[in-house]
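Engineer: Chains C and L, in that order, are what the protein sequence lines are. For the first sequence, my numbering assigns the number 272 to the initial residue and increments by one for each residue that follows. For the second sequence, my numbering assigns the number 3 to the initial residue and increments by one for each residue that follows.
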Amino acid sequence: MSARSDVLLWANRIVNKGSVAPHHLLEIREGAGLDEAQAAFHKVAKMAHPDLHRASLNPEELEVVTSAYAKVAGAYQELRMMRMQTTKLPRTNLKPPTYAPVNKMPDAGMPSGDVKPGVPAGPASAMSSKAIVYYRKAEQALRRGDLRGAVLQIKMAIAADPMSGFLRSALSEVESEIAKGG
Amino acid sequence: MAVALGIDLGTTNSVAAIATPTGVEFILGPRGERVHPSVVAFPASGGVVVGQDAKRFRLTEPHHVIHSAKRFIGQNIRAPLVQLAMTGIRYKVVEGPNQQPIVVVRDRRMTMPEISSHVLLHLKRCAERQLGTQVKDAVITVPANFTDAQRQATKEAGRLAGLEVMRLINEPTSAALAYGFGKDKQQLIAVFDFGGGTFDVSILRLNGEVFEVLASDGDFFLGGDDLDRTLAEVLAAECNRVLRIDPRPHAALMMKLMMGAEAIKCHLSENDSAEGEIDGLDMPNGTTGKLPFSVTRKQFEDLVNGYVSRTIEVTRQVLTAAGLVPSQIADVLCVGGSTRIPLVRERLAELFRKEPNNQINPDEVVSQGAAIQAGSLTNTLVSSGMGARDAVATTGHTTLVGMGAQPGPGNTQPPPMAPPQGMLKRPILMDVNPATLAIQTAGGFTERLLDKNAPIPIEKIRVFTTARDNQTRVEIDCCRGENRKYAENEPLGTLLLENLAAQRRGELKIEVSFRVDSDGILHVRATDQASGAAQEAHLQVLGAPVAEEP
């Protein structure tokens with residue numbers, strides 16, 4: 272079949288080219304643009320992508336085709352990088368992921384408490400730093416089961432930050448707990 | 003006729019399918035389910051239970067139920083993100099040889115590929131029962147940003163399950179294939195894949211039968227599980243507050259809260275608020291408690307907003323890497339269960355200024371693409387000799403988009419615009435190298451050999467020489483990453499060339515070829531140019547599967 276011999280002829284030609292400029296491997300003119308390079312590479316892929324020849328070539332022949340294809344892919348990438356750099360695209364450099372724990376639940380019926388020790392708790396952004404000190408004490412009191420102590424500390428926190436809706440809802444919640452006889 | 007399976011091996015769920023001349027047929031589980039949980043249980047009663055049945059043991063024996071193995075497969079256990087992931091599981095993982103994670107269940111020690119092989123074997127058996135024939139070949143999908151070691155480990159899992167893994171393909175590419183195959187499209191698309199345990203996004207150019215990935219990136223440790231855990235932590239705090247019990251040290255209790263959180267999350271995708279109580283909480287003091295909850299969609303969105311913003315940020319970066327702006331994208335495909343969250347779709351619509359495509363099933367599209375690729379590789383996709391397969395094309399059968407155009411053997415009325423029989427072109431996937439591969443040079447810097455987002459398979463050849471007289475050994479440090487400083491990147495291992503002929507410095511020329519194959523796996527080969535003697539240099543990637551010593 273001619274497609275088979277065509278691809279083998281092409282592959283041998285590429286493999287024997289040694290190390291030459293990318294446009295020679297893609298078989299396009301020097302100074303060709305990105306579109307031209309891409310069209311050429313797609314043409315190569317349609318004819319010689321190793322997946323197309325898995326069944327029809329023997330392992331040695333397939334290796335030659337794969338080598339040639341991989342070599343042309345390298346040339347295409349090189350051209351692409353050159354062209355993309357000349358069009359001055361911003362370089363991307365992914366930063367490592369930052370996992371800001373989002374514990375905040377504004378107007379939530381359930382203050383998140385300190386789920387992660389050492390991590391700033393959610394309510395932090397909902398009140399002033401002075402209020403946080405009292406709120407932390409309230410949390411400690413809650414953990415001891417001392418509801419009245421917690422109420423006192425939350426009231427102190429509210430005094431420090433009268434604008435915090437979060438603290439007021441926390442207060443009413445603890446107070447209703449006491450009312451329930453907790 | 004050989005049947006080749008396409009498998010979407012997911013963190014939380016797996017789906018398998020085969021391509022038939024008329025469409026894609028899904029492999030069903032024992033209860034007729036298309037989606038198979040990637041859960042393996044080793045119950046006290048003995049044996050191995052996989053899939054839906056294994057999930058039942060999560061409450062009674064949380065330490066013996068292995069889930070999310072994909073988060074550990076092919077990973078170095080010492081990596082900080084792996085350590086983080088270990089805080090989210092209730093089974094025991096220890097360090098094994100080559101720094102690979104090992105699961106310990108009672109007195110059994112198992113590698114992560116072994117765990118995943120149970121899931122694959124389950125799918126293989128389901129397929130064999132359904133199709134009434136042996137299944138040997140498979141195409142398995144992996145996240146686009148899976149590393150070399152993760153890919154090798156996934157192939158190993160396939161091998162352990164008795165499957166010939168013809169190809170690993172990237173999940174977003176697979177989704178794009180299912181979307182565009184047979185439609186002769188000329189457009190740019192974005193695939194946004196936000197699953198149970200991983201997130202990645204790819205930009206592709208569809209050019210007829212050619213599917214070219216232009217850029218791809220993601221965040222390996224970001225998925226629906228993280229959203230569940232965030233909500234479960236709030237429930238835990240609530241449990242602590244209301245019931246006066248800190249559930250965090252208690253595995254079964256936390257698992258129950260995680261399951262509650264998952265249910266609340268799913269409910270909130272359809273409703274504005276979720277109210278109710280989680281009951282049957284077995285307290286450490288022997289009592290049974292129940293935890294009331296009330297969460298609005300707004301509250302949930304505030305809770306997970308940081309994670310969603312991160313996915314949008316990565317999407318922007320991938321667009322930049324492809325040299326494109328959002329308005330150039332013709333269609334946005336949503337893949338993975340987490341894309342059902344309304345906030346995710348809203349943020350995508352905001353970025354691309356168009357609604358994401360809602361025609362595709364986010365849970366099934368990846369396996370459909372894998373099935374098409376499997377059919378293409380075995381050359382069964384476009385041949386007309388598959389008429390017998392129609393006999394089983396019943397349940398779970400979905401007509402492929404655009405494939406209805408291909409007339410089956412008994413179909414004498416091809417729809418208009420149909421390509422003539424046998425002319426349906428085999429798809430060509432041009433996937434990309436997931437990460438930059440570089441080597442160490444003098445002064446602790448790197449030299450880039452293979453760029454991230456370069457098309458694969460790809461090869462780069464470098465010539466090395468000796469630095470001293472009579473040097474018989476050359477070491478080449480390889481790493482993965484974008485940083486110019488070697489130490490800032492992830493080390494891949496050291497390539498060792500030994501027994502070189504003793505010559506004066508600079509005289510010996512060693513040609514080293516670095517090739518990333520179609521599966522995204524790196525192969526290194528060194529040739530002594532003088533003698534022509536080739537030696538396969540061995541690059542032992544840390545975290546890669548190696549046999550445990552008995």
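A virtual CB, placed ideally from N, CA and C, is assigned to each residue, including glycine. Predicted model only: the values in this text are computed from it and were never measured.
1) Would you tell me roughly how many angstroms separate the C-alpha atoms of residue 191(L) and residue 225(L), rounded to the nearest one?
2) Which runs of the beta strand (DSSP E) spanning at least 3 residues fall entirely within the region 257-330 of chain L, listed in chain order?
3) Start and end of the beta strand (DSSP E) containing residue 477(L)?
4) Could you tell me the distance, in whole angstroms, from the CA atom of residue 398(L) to the CA atom of residue 414(C)?
5) Output the distance between the C-alpha atoms of residue 321(C) and residue 340(C), rounded to the nearest integer angstrom.
6) Beta-carbon separation of residue 431(L) and residue 375(L) under 8 angstroms?
7) Should residue 378(L) go down as buried or exposed, given a rule of 16 or more other Cβ atoms within 10 Å for buried?
8) Kindly indicate if chain L contains any beta-carbon less than 8 angstroms away from that of residue 338(C).
9) Could you tell me the alpha carbon to alpha carbon distance between residue 243(L) and residue 409(C), rounded to whole angstroms?
10) According to DSSP, is residue 124(L) part of a helix, a strand, or is it coil?
11) Considering only residues of the region 307-334 of chain C, which uninterrupted alpha helix (DSSP H) runs meet the minimum length of 4 residues and lie entirely inside it, listed in chain order?
12) Output, in chain order, the set of chain L residues within a Cβ distance shorter than 7 angstroms of residue 330(C).
13) Hey, how far is the Cα of residue 272(L) from the Cα of residue 217(L)?
14) Helix, strand or coil for residue 92(L)? Go by DSSP, reduced to three states.
15) Can residue 451(L) and residue 441(L) be called in contact, C-beta distance under 8 angstroms?
16) Could you work out which residues of chain C lie near residue 462(L), taking near to mean beta carbons separated by less than 7 angstroms?
17) Check whether the Cβ atoms of residue 365(L) and residue 37(L) lie closer than 8 angstroms to each other.
18) Can you give the beta carbon distance from residue 140(L) to residue 168(L), rounded, assuming they're within the 8 angstroms contact cut?
19) Does any heavy atom of the ligand GDP sit closer than 7 angstroms to the C-beta of residue 461(L)?
20) In chain L, which residues lie less than 7 angstroms from residue 348(C) when you measure between Cβ atoms?
21) Looking only at its own chain, which residues have a Cβ that is under 7 angstroms from the Cβ of residue 314(L), when we skip the five neighbours before and after it?
22) Can you round the beta-carbon distance between residue 502(L) and residue 475(L) to whole angstroms, since I take them to be within the 8 angstroms contact cut?
23) With 8 angstroms set as the bound, which would you pick, yes or no: does the beta-carbon of residue 401(C) sit closer than that to a beta-carbon of chain L?
24) Just curious, the beta strand (DSSP E) that residue 223(L) is in, first and last residue?
25) Look at the Cβ atom of residue 507(L), then the Cβ atom of residue 471(L), and state whether they are nearer than 8 angstroms.
26) Does chain L have any CB closer than 8 angstroms to the CB of residue 323(C)?
27) I want to see whether chain C comes within less than 8 angstroms of residue 270(L), judged by CB atoms only; does it?
28) Which residue wins for smallest C-alpha separation from residue 78(L), given the options 280(L), 103(L), 66(L)?
29) Please look up how many angstroms separate the CB atoms of residue 101(L) and residue 80(L), rounded, as I've assumed it's under 8 angstroms.
Structural biologist: On the basis of the coordinates in this document:
1) Position 189 of the second sequence, counted from the start, is the residue given in the question as residue 191(L). Position 223 of the second sequence, counted from the start, is the residue given in the question as residue 225(L). Looking at the two C-alpha atoms, the distance is approximately 22 angstroms.
2) 275-284, 290-298
3) Position 475 of the second sequence holds residue 477(L). From DSSP, the beta strand (DSSP E) with residue 477(L) extends over 476-482.
4) Along the second sequence, one-based indexing puts residue 398(L) at 396. Along the first sequence, one-based indexing puts residue 414(C) at 143. For residue 398(L), the predicted structure reports a pLDDT of 46, less than 50, and the residue's modelled location is therefore unreliable. The matter cannot be settled from this model.
5) As a working mapping, residue 321(C) is identified with position 50 in the first sequence. As a working mapping, residue 340(C) is identified with position 69 in the first sequence. Distance from the CA of residue 321(C) to the CA of residue 340(C), rounded to the nearest whole angstrom, comes to 7 angstroms.
6) Start at 1 with the first residue of the second sequence, and residue 431(L) comes out as number 429. Start at 1 with the first residue of the second sequence, and residue 375(L) comes out as number 373. Yes, the pair counts as a contact, with Cβ atoms nearer than the cut-off.
7) Here residue 378(L) refers to the residue found at position 376 of the second sequence. Counting Cβ neighbours within 10 Å, residue 378(L) comes out buried, since at least 16 surround it.
8) On the first sequence, residue 338(C) is found 67 positions in, with the first residue counted as 1. Answer yes: the Cβ-Cβ gap between residue 338(C) and chain L drops below 8 angstroms somewhere.
9) As a position in the second sequence, residue 243(L) is number 241, starting the count at 1. As a position in the first sequence, residue 409(C) is number 138, starting the count at 1. Going by the C-alpha atoms only, they are around 12 angstroms apart.
10) Taking the second sequence and counting its residues from 1, one reaches residue 124(L) at position 122. If DSSP states are grouped into helix, strand and coil, residue 124(L) belongs with the helices.
11) 321-324
12) Your numbering for residue 330(C) matches position 59 in the first sequence. Residues of chain L passing the Cβ test: none, with the nearest at roughly 14 angstroms.
13) By one-based count along the second sequence, residue 272(L) stands at place 270. By one-based count along the second sequence, residue 217(L) stands at place 215. Between residue 272(L) and residue 217(L), the C-alpha separation is close to 33 angstroms.
14) The count along the second sequence starts at 1 and reaches residue 92(L) at position 90. Coil.
15) Residue 451(L) sits at position 449 when you count from the first residue of the second sequence. Residue 441(L) sits at position 439 when you count from the first residue of the second sequence. Closer than 8 angstroms, so yes.
16) Numbered from its first residue, the second sequence carries residue 462(L) at position 460. Simply 345.
17) Start at 1 with the first residue of the second sequence, and residue 365(L) comes out as number 363. Start at 1 with the first residue of the second sequence, and residue 37(L) comes out as number 35. Yes, these two residues count as a Cβ contact at 8 angstroms.
18) Within the second sequence, numbered from 1, the residue matching residue 140(L) stands at position 138. Within the second sequence, numbered from 1, the residue matching residue 168(L) stands at position 166. Here residue 140(L) really is in contact with residue 168(L); their C-beta atoms are around 7 angstroms apart, less than 8 angstroms.
19) As far as ligands go, the structure on display features none, and thus does not contain the ligand GDP.
20) For the purposes of this step, residue 348(C) is identified with residue 77 of the first sequence, where counting begins at 1. The answer, in chain order, is 453, 456, 457, 460.
21) Along the second sequence, one-based indexing puts residue 314(L) at 312. Only 349, 353 meet the Cβ criterion.
22) By 1-based counting over the second sequence, the position of residue 502(L) is 500. By 1-based counting over the second sequence, the position of residue 475(L) is 473. With 8 angstroms as the limit, residue 502(L) and residue 475(L) qualify as a contact, their Cβ atoms being about 7 angstroms apart.
23) The residue you call residue 401(C) lines up with position 130 of the first sequence. No, residue 401(C) lies away from the interface with chain L (no Cβ there is under 8 angstroms from its Cβ).
24) As a working note, residue 223(L) is residue 221 in the second sequence. Here residue 223(L) belongs to no beta strand (DSSP E), and DSSP marks it neither H nor E.
25) The count along the second sequence starts at 1 and reaches residue 507(L) at position 505. The count along the second sequence starts at 1 and reaches residue 471(L) at position 469. The answer is yes: Cβ separation under 8 angstroms.
26) Along the first sequence, one-based indexing puts residue 323(C) at 52. By the rule that beta-carbons nearer than 8 angstroms mark a contact, residue 323(C) touches chain L.
27) As a working note, residue 270(L) is residue 268 in the second sequence. Closer than 8 angstroms: no.
28) Here residue 78(L) refers to the residue found at position 76 of the second sequence. When C-alpha distances from residue 78(L) are compared across 280(L), 103(L), 66(L), the shortest belongs to 103(L).
29) What you label residue 101(L) is simply residue 99 of the second sequence in a count that begins at 1. What you label residue 80(L) is simply residue 78 of the second sequence in a count that begins at 1. With 8 angstroms as the limit, residue 101(L) and residue 80(L) qualify as a contact, their Cβ atoms being about 6 angstroms apart.
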